[in-house]
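Enquirer:
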Amino acid sequence: MTAPASRIREDLFDAGFLRRTEHLALIARRMVTSGQRAQRRSKKIGGGIEFADHRDYTPGDDPKHLDWKVYGRTERLLLRQYEEEEDLSVYFMVDASRSMGMAPPGEITLFDRALQIAAALAYISLSNLDRVAVVPFTDKIIRPERSLRGKGQFFRILRQLSTLEVSGNTAISGAMRDFARARLRRGLVVLISDFYDPSGLGDGLRMLAYRGFETLVVQLSDQRILDGGHFGDLQLVDCESGDVRDICLTPDLLSAYQRAFEAFTLEISNAATQMGARHLQVDVGVPFDDVVMKVFRSGGFLG
Amino acid sequence: MNPTAMAPMAAWQPWLTLVGAVLGGIALLYLLRPRRRRVEVPFGGLWQRVIAQAEARAMGRRWRRLLSMLLMWTIAALMLAGVGEGILGLRGCSEPRSFAPQHTAIVIDTSASMRTLDGTRPPDDPHGPRITRLAEAIRKARELFDARQPLEKVLVISADSRVRTRGGWTDDPDVFERAIGSIVASDAGFARAKALAVATDGVSGRPGARIVMISDGGPSIDGDASNDGASSNDGDGASVAGSLQQIAVGPRPKPGGDPVTSLDNLAIVQVSVRSLPGDPGRGLLLAQVRNDTAKPVDAVVSVHASSTAHSDRDFRRAGALKAVRTVALAARRTTTVAFDRLPLAAGRFAVRVKPGENTAMTDLAPYDDVGFAVLAARRDLGVLLVSGRDNLFLEAALHADDRAQVKRVTPERYKPEDWTTAARGKHGIDVVVLDGVAAELPPGTPGLRLALVAGNKEQKPRIVEGIDLKIRSAEHPVMAGVVFHDVNIDKARVVTRVSGDRVLAVDGSGAPIFTASDDGVRRLDFGLDVLETDIGGRYALPLLMVNALEWLVGEENPLLTPLEVGLVWGIETPVAGRKWTWYSPSGKPRPARVAGRMITCSSGVSGVHEWRAEEQRIVRPTRLPATERPDQVRPIRTAWAAPPADEQSRNQPPPRQAWIYLLLAAMVLVAGEWWLYVRRRTV
Chain A
1106 MTAPASRIRE
1116 DLFDAGFLRR
1126 TEHLALIARR
1136 MVTSGQRAQR
1146 RSKKIGGGIE
1156 FADHRDYTPG
1166 DDPKHLDWKV
1176 YGRTERLLLR
1186 QYEEEEDLSV
1196 YFMVDASRSM
1206 GMAPPGEITL
1216 FDRALQIAAA
1226 LAYISLSNLD
1236 RVAVVPFTDK
1246 IIRPERSLRG
1256 KGQFFRILRQ
1266 LSTLEVSGNT
1276 AISGAMRDFA
1286 RARLRRGLVV
1296 LISDFYDPSG
1306 LGDGLRMLAY
1316 RGFETLVVQL
1326 SDQRILDGGH
1336 FGDLQLVDCE
1346 SGDVRDICLT
1356 PDLLSAYQRA
1366 FEAFTLEISN
1376 AATQMGARHL
1386 QVDVGVPFDD
1396 VVMKVFRSGG
1406 FLG
Chain B
111 MNPTAMAPMA
121 AWQPWLTLVG
131 AVLGGIALLY
141 LLRPRRRRVE
151 VPFGGLWQRV
161 IAQAEARAMG
171 RRWRRLLSML
181 LMWTIAALML
191 AGVGEGILGL
201 RGCSEPRSFA
211 PQHTAIVIDT
221 SASMRTLDGT
231 RPPDDPHGPR
241 ITRLAEAIRK
251 ARELFDARQP
261 LEKVLVISAD
271 SRVRTRGGWT
281 DDPDVFERAI
291 GSIVASDAGF
301 ARAKALAVAT
311 DGVSGRPGAR
321 IVMISDGGPS
331 IDGDASNDGA
341 SSNDGDGASV
351 AGSLQQIAVG
361 PRPKPGGDPV
371 TSLDNLAIVQ
381 VSVRSLPGDP
391 GRGLLLAQVR
401 NDTAKPVDAV
411 VSVHASSTAH
421 SDRDFRRAGA
431 LKAVRTVALA
441 ARRTTTVAFD
451 RLPLAAGRFA
461 VRVKPGENTA
471 MTDLAPYDDV
481 GFAVLAARRD
491 LGVLLVSGRD
501 NLFLEAALHA
511 DDRAQVKRVT
521 PERYKPEDWT
531 TAARGKHGID
541 VVVLDGVAAE
551 LPPGTPGLRL
561 ALVAGNKEQK
571 PRIVEGIDLK
581 IRSAEHPVMA
591 GVVFHDVNID
601 KARVVTRVSG
611 DRVLAVDGSG
621 APIFTASDDG
631 VRRLDFGLDV
641 LETDIGGRYA
651 LPLLMVNALE
661 WLVGEENPLL
671 TPLEVGLVWG
681 IETPVAGRKW
691 TWYSPSGKPR
701 PARVAGRMIT
711 CSSGVSGVHE
721 WRAEEQRIVR
731 PTRLPATERP
741 DQVRPIRTAW
751 AAPPADEQSR
761 NQPPPRQAWI
771 YLLLAAMVLV
781 AGEWWLYVRR
791 RTV
């Protein structure tokens, strides 16, 4: 994170990346209606024109919102509620722990892929006039950037992303606690991580939900370690904690690991579902534009 | 693995060696294998879950792996044992290397000392009743038999003074039990050399020969077996391929100390009986009693008499108790106990010793607690007295021997040539006494010449007067008990001494007065005239005459010499051509083996032996061999010719090769590594 702020990592954000990002933005425009106001509805009930719900009348409420038609049919005093449409704040929380920086030599890391995904989604959000902020974290919030708005801020976003480097251990609950205490505007949190946190994801998501944030969980995984070539007696070293374990890696054990990883992914998905978040699990080998398309198709990101 | 299968194994040895080396190399490479590769993973916790799940699921697999490992090592151990046994010489500490045929001759000492009740009790009954050394020996023989190798046969040999094989070579437990069950200890000594010779003959020419001698280490009656005596040659002149293993039973002497160990034992060493002069009905019985304990002991010595008893049992059952005496026996000493004026009518005596009632000890060797004595049969002695005067002093002295039948003749009627052997036999003349007669003794006839006068061949003796007679050979039987104090001698004649004569008494100048010669025929020359001294009124003269007569006829010792148990006895009979029956203490009468006038026999039973032929009787007591003292045990040592070097190397396990140990060590390390590997929570 000590790289010059003006430098953009051209290996990640090259012309091809920009061209494909623009293409994704066009696709996104076709999928939603564009306008001055934010294209995505917020969960806030307020002064919008879109009917949201009824609620019982209580003394002190503005009588102009009473639904007289309902009163005529049911003789019950109900107030009409409307969704308040406002420009959306999108926070791209990128895991910058050491586990995200692991990759075979010459291969792309989870962290690089996370940066590409965040950058692409940020461009689309900026194109939709949303407010975008990049929030890197490890076991805490590293350096929250202020929210930016407008496509003109995209290269600033890229520079912010380019300055990030991996360090520290993953502790999602701690990072989310810091994020929740920052009293930022409510909005959409795109959480991109491998979620290799021994304490799990549930507490962190619960804090975000408590603060009224919507969350999109993007779980990056790396199946390349399962590609073989490491069979036999191994000494596994945890890149974050440094714990050492001796194993004899066999095909059976590798299959067991795959099953364990699937169970782990299911835990992440369940935790996200319980907190009303959407979960998306993608492999690091999947190109970022495909990931973005999966985000589109999963819903919730585009209005 | 039978011998036929073992034979071709030698051809496989290079291959097996190669296989062993490869296995050793593999084990070495396994130990020196590269360390584990370090692989950095993003999330060790996930692997931890995998390991935990795998461990939880792998319990059965772990058991299977453990069983598989055990099976693998069992197979490896069996293979190694098989290879090692047949080829590499790995085997038990002292067990034969192969199952080649073996022959073991077990020699069991059955001498009298093996009846001592100080055998080591069996481990499963350490507080049981006392057992004899023989019982311990038999138990060890059974252990040897039970531990025999396949194809090993055993020959049981019992040995005291006689060596007997009990059955033949066998590996049948029933046959062995019959052989071992027939062994009993005797009263005889142990002929070690003879036993080894018999055992050597037994194993001669047989493969895998081995001799095991089980003994208490007592002295041998034929001396320690020398190499020459113990080893024998086969037909090719080569030494018998065998080895001797000696197994000791009973107490062991302290190493480096006195071989004689004190033992709680009282023993009758010797018993003798003789009648008293002048009172044939009573006599003196002397018993030598030995105390082997290390402390003084009060003992009770009793005498039983019988006229028909042969064994100790007979004496106790039918004998009459004649005397009992309590004596104090010094520690580790032999004490002589005398029973004087003992009635001798029974003729046979058994003397028994036992601890006194107030003596707290248990006699461990009861077999030597009894001794036997027999009063010598008395016969008449025919004495031909040739005297020309009435020498009543002399005749009275001759009659002091109650056996003497004196026949007096005058010198004129005496012609030496008339008294031939036949004539003497006809008239019952045993001794001729010449009293002042210038004549020769009959040829071949024992005789006494008194008051020497010049004869045909002798010169006139020199006369000495007023002499003080001194005994020169007090130990000679003729002079036994004789003293010349206060004997006044007016004059005496100096005996002309010839070569071989023994001077019995001299005058003050040393001139011989009494001489004795024994050149096949015993002669006495006394240069003393009874009538010229006052010796006739003294006790010395009859004693001198009795001694002289008994010495002349060769019966100077009235005691019957006991026969030693176990030796071959030669007993002269009075007459030839009779059929003699032997009545031994051990059993029924049986015909005796007679050659001419000699009875030859041998017995291992102590007691009173008797031979009868019509009215003739010969009765002799026995005594135990001096070697059969229960406390005379010596360290067992191998007195056996070591097998030749090539035989020795064949019978000894070959030196184990170092690489075998390395391979074993490597396998142990691999096993340990395996164990540690499993414990490292490795999946």
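Order-wise, the sequence lines are chains A and B.
Under the working numbering, the first residue of the first sequence carries the number 1106, and numbering increases by one thereafter.
Under the working numbering, the first residue of the second sequence carries the number 111, and numbering increases by one thereafter.
Yeah, the Cβ is synthetic: ideal placement off N, Cα and C, and Gly gets one too.
Identify which residue in B:D741, B:L670, B:V743, B:M777 has its Cα closest to the Cα of V383 of chain B.
Expert: Closest option to V383 of chain B, Cα to Cα, is B:L670.
Enquirer: Contact between the segment 492-502 of chain B and the segment 396-413 of chain B is defined here as three or more beta-carbon pairs at a separation below 8 Å; is this criterion met?
Expert: In short, these stretches do not touch, since the Cβ pair count stays below three.
Enquirer: Given that G155 of chain B touches chain A, what residues does it touch there, using C-beta distances under 7 Å?
Expert: Those are P1303, listed as they occur along chain A.
Enquirer: Give a yes or no on whether the minimum CB-CB distance between Y1228 of chain A and chain B is below 8 Å.
Expert: By this cut-off, Y1228 of chain A is not an interface position.
Enquirer: Taking only runs of the alpha helix (DSSP H) that begin and end inside the segment 1302-1332 of chain A, which ones reach a length of at least 4 residues, in chain order?
Expert: As far as the segment 1302-1332 of chain A is concerned, its whole alpha helix (DSSP H) runs of at least 4 residues are 1307-1315.
Enquirer: Would you list the one or two residues that DSSP bridges to A615 of chain B?
Expert: In the DSSP output, where bridge partners are listed per residue, A615 of chain B has B:I581, B:F624.
Enquirer: Please name the residue or residues paired with L1183 of chain A in a DSSP beta bridge.
Expert: Beta-bridge pairing links L1183 of chain A to A:D1161.
Enquirer: For the candidate residues A:M1380, A:A1276, A:Q1386, A:Q1265, whose alpha-carbon lies nearest to that of L1371 of chain A?
Expert: Residue A:Q1386 is the option with its Cα nearest to L1371 of chain A.
Enquirer: Taking a contact to mean a Cβ-Cβ separation below 8 Å, would you say V399 of chain B touches T444 of chain B in this structure?
Expert: Contact flag set, yes.
Enquirer: At which residues does the alpha helix (DSSP H) containing M1281 of chain A begin and terminate?
Expert: Run containing M1281 of chain A: 1277-1286, per the alpha helix (DSSP H) assignment.
Enquirer: Taking only beta-carbon positions, decide if V1237 of chain A is within less than 8 Å of chain B.
Expert: By this cut-off, V1237 of chain A is not an interface position.
Enquirer: As a quick exercise: from A:M1380, A:G1347, A:F1284, pick the residue whose alpha carbon is nearest that of F153 of chain B.
Expert: Among A:M1380, A:G1347, A:F1284, the Cα nearest to that of F153 of chain B belongs to A:G1347.
Enquirer: When you compare each of A:Y1301, A:D1394, A:R1185, A:R1402 to A1365 of chain A by their alpha carbons, which one comes out closest?
Expert: The option with the nearest alpha carbon to A1365 of chain A is A:Y1301.
Enquirer: With a threshold of 8 Å between beta carbons, is E150 of chain B in contact with chain A?
Expert: It does; some Cβ of chain A falls within 8 Å.
Enquirer: If I measure Cβ to Cβ from L1226 of chain A and keep anything under 8 Å in the same chain, skipping five residues before and after, which residues do I get?
Expert: Hits under 8 Å: V1195, F1197, V1295, V1397, V1400, F1406.
Enquirer: Kindly indicate which residue of B:A247, B:D628, B:G130, B:P239 has the alpha-carbon position closest to the one of L190 of chain B.
Expert: Closest option to L190 of chain B, Cα to Cα, is B:G130.
Enquirer: Under 8 Å, Cβ to Cβ, is there at least one residue of chain B near S1346 of chain A?
Expert: Yes, its Cβ sits closer than 8 Å to a Cβ of chain B.
Enquirer: How many angstroms separate the CA atom of A1223 of chain A from the CA atom of F1259 of chain A?
Expert: Distance between the alpha carbons of A1223 of chain A and F1259 of chain A is about 11 Å.
Enquirer: Go through its chain and collect everything with a Cβ distance to K432 of chain B's Cβ below 7 Å, but skip five positions before and after it.
Expert: Only V413, H414, A415, L452, P453 meet the Cβ criterion.
Enquirer: Please classify A269 of chain B as buried or exposed, where buried requires at least 16 neighbouring CB atoms within 10 angstroms.
Expert: Flag for A269 of chain B reads buried.
Enquirer: Between L1341 of chain A and chain B, is any beta-carbon pair separated by less than 8 Å?
Expert: It does; some Cβ of chain B falls within 8 Å.
Enquirer: Quick check on this structure: which residue in B:V313, B:G714, B:K601, B:A549 has the alpha carbon closest to the alpha carbon of Y477 of chain B?
Expert: Comparing Cα-Cα distances from Y477 of chain B to each of B:V313, B:G714, B:K601, B:A549, the minimum goes to B:G714.
Enquirer: To the nearest angstrom, how far is it from the Cα of S627 of chain B to the Cα of L638 of chain B?
Expert: One C-alpha to the other measures close to 17 Å.
Enquirer: For the ligand HEM, is there any heavy atom lying closer than 7 Å to the beta carbon of L677 of chain B?
Expert: Among the components of this structure there are no ligands whatsoever, and the ligand HEM is therefore not found.
Enquirer: When you compare only the Cα positions, how much space is there between A705 of chain B and C711 of chain B?
Expert: Rounded to the nearest angstrom, the two C-alpha atoms are 11 Å apart.
Enquirer: Quick one: does S1204 of chain A have its CB under 8 Å from some CB of chain B?
Expert: So, interface residue.
Enquirer: State the start and end residues of the unbroken beta strand (DSSP E) segment that holds D1343 of chain A.
Expert: 1337-1343 is the span of the beta strand (DSSP E), which, as asked, contains D1343 of chain A.
Enquirer: Excluding the 5 residues preceding and the 5 following T1355 of chain A in the sequence, name in chain order all residues of the same chain whose CB lies nearer than 8 Å to its CB.
Expert: Hits under 8 Å: F1336.
Enquirer: From B:G429, B:H420, B:A486, B:V273, pick the residue whose C-alpha is nearest to that of G697 of chain B; which is it?
Expert: It is B:H420.
Enquirer: Hey, quick one: how far does the beta strand (DSSP E) through R633 of chain B stretch, first residue to last?
Expert: Counting along the chain, the beta strand (DSSP E) containing R633 of chain B begins and ends at 632-636.
Enquirer: Could you give the residue range of the alpha helix (DSSP H) that holds L662 of chain B?
Expert: 650-662 is the extent of the alpha helix (DSSP H) around L662 of chain B.
Enquirer: Looking at the structure shown, is V1397 of chain A part of a helix, part of a strand, or coil, going by DSSP?
Expert: Reduced to three states, the DSSP call for V1397 of chain A is helix.
Enquirer: Taking only beta-carbon positions, decide if R174 of chain B is within less than 8 Å of chain A.
Expert: No, no contact with chain A.
Enquirer: Mapping DSSP to helix, strand and coil, what is M1207 of chain A?
Expert: In the structure shown, M1207 of chain A sits in coil (DSSP, three-state: anything other than H, G, I, E or B).
Enquirer: Go ahead and pull the three-state DSSP assignment for P754 of chain B.
Expert: In this prediction, P754 of chain B scores a pLDDT of 43, lower than 50, which makes its location untrustworthy; no coordinate-derived value is stated.
Enquirer: Chain A beta carbons: is any one of them nearer than 8 Å to that of R320 of chain B?
Expert: So no, R320 of chain B is outside the interface.
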